[in-house]
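Heads up, the thing below is written out as structure tokens.
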Amino acid sequence: MAAEHEHVKILNELAEQFRPLFENSPEGIYLYIDEVHKICNERFAKMFGLTVKEWEAMDGFVNKHAIPGDVEKIVSMYHQHIHQELTPARFQVTGIRKDGSRFKAETDMIPFPWRGEMLALHFFREVK
């Protein structure tokens, strides 16, 4: 329960600090602690045909909104770069929108330590 409270506190702090970036970035952005504790900007949610509230409330986002072949890549890159090497990574995936349509995307995933937690900061853009 203490970790739950701390994760909520972290996201509230970072939402406030990152507000100008979230509101003005030409890219989709999300901060991820775990499947329950994550925030995103409107541009990111819209890429997937979702609202910010829908995305933030969603459990299992990667499993639902990336093609099956990319789910393993995303999870592997996350563990390798966020929890082992602590290095940024850029890679491409195929996303699936709420309506089932697909799109190519590129993400920069950056390890982001905050208050003893390791978050993943993602910048997400559609590519042709």
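Counting in the working numbering, the sequence shown runs from -4 upward without gaps.
The C-beta atom is built at its ideal place from N, Cα and C for all residues, glycine as well.
Values in this document were obtained by computation on a predicted structure and should not be read as measured data.
For V88, is the classification buried or exposed, using 16 other Cβ atoms within 10 angstroms of its Cβ as the cut-off for buried?
-> buried
Enumerated in chain order, which unbroken segments of the alpha helix (DSSP H) with a length of 4 residues or greater are wholly contained in the segment 6 to 67?
-> 37 to 42, 47 to 52 and 56 to 60
Confirm, please, whether the CB-CB distance from N36 to Y25 is below 9 Å.
-> yes
What residues in its chain sit with their C-beta under 6 Å from that of G23, if we drop five residues either side in the sequence?
-> R38, F39, M42 and F119
In angstroms with no decimal places, state the Cα-to-Cα distance between R92 and M53.
-> Note on geometry: alpha-carbon atoms of R92 and M53 lie some 13 Å from one another.
Got a sec? Which residues, its chain only, sit under 7 Å from H60 by beta carbon, not counting five neighbours each side?
-> F43, G90 and I91
Inspect the beta-carbon positions of I62 and V47 and report whether they are closer than 9 Å.
-> Not in contact: I62 and V47 (Cβ atoms no closer than 9 Å).
Looking at C-alpha atoms only, which residue of V122, H32, P106 and R14 is the closest neighbour of H0?
-> H32
Delimiting residues of the beta strand (DSSP E) encompassing G90 | A84 to I91
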